[in-house]
Amino acid sequence: MEVWFNPSCSKCRTARDELSGAGADVTLRRYLDEPPSEAELRAALTALRLQPWDITRLSEPLARELGLRDLPHDPDAWIAVLAEHPQLIQRPIVLADDGRAWVARDGETLAEVVAAARG
10 MEVWFNPSCS
20 KCRTARDELS
30 GAGADVTLRR
40 YLDEPPSEAE
50 LRAALTALRL
60 QPWDITRLSE
70 PLARELGLRD
80 LPHDPDAWIA
90 VLAEHPQLIQ
100 RPIVLADDGR
110 AWVARDGETL
120 AEVVAAARG
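Heads up: the sequence shown is residues 10 to 128, going by the working numbering.
Here it is as structure tokens:
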């Protein structure tokens, strides 16, 4: 599993700890240091079955500065914004080797991820 990870985020640290405790083979990708490409974002969105605006942190000051709430829902435009400004991507995003993916922000979703990691 790959976790798009921000070490300053408590939800990311919780996901890391829960997955580690489950014995999962996890790669932590510090996505702020190694931002996902547009192609990687498209693949993640396909696995998540979400649109780019669904994984955008709209409450961030940068999102307001960029006027994202008013940006038309054109996936290409949103993906370009997320690729350029990875700090706007919700976290943690967990990508499983079998093609499943989650935005593991809440306990219920994280429990599903941990169960999938246990196999």
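Just so you know, even glycine gets a beta-carbon here, dropped at the ideal spot from N, CA and C.
(request) Please state whether DSSP places Val-35 in a helix, a strand or coil. (result) coil
(request) With a 10 Å radius around its C-beta and 16 neighbouring C-beta atoms as the bar for buried, classify Ala-48 as buried or exposed. (result) Exposure of Ala-48 is indicated by the presence of fewer than 16 other C-beta atoms within 10 angstroms of its C-beta.
(message) Whole angstroms are fine: how far does the CA of Leu-41 sit from the CA of Gln-96?
(response) 6 Å
(request) Quick one: residues in its chain with C-beta nearer than 7 Å to the C-beta of Leu-71, no 5 flanking neighbours on either side, listed in chain order? (result) His-94, Gln-96 and Leu-97
(request) Grab the span of the beta strand (DSSP E) containing Ile-64 for me, first residue to last. (result) Segment: none, Ile-64 is in no beta strand (DSSP E) and carries neither H nor E.
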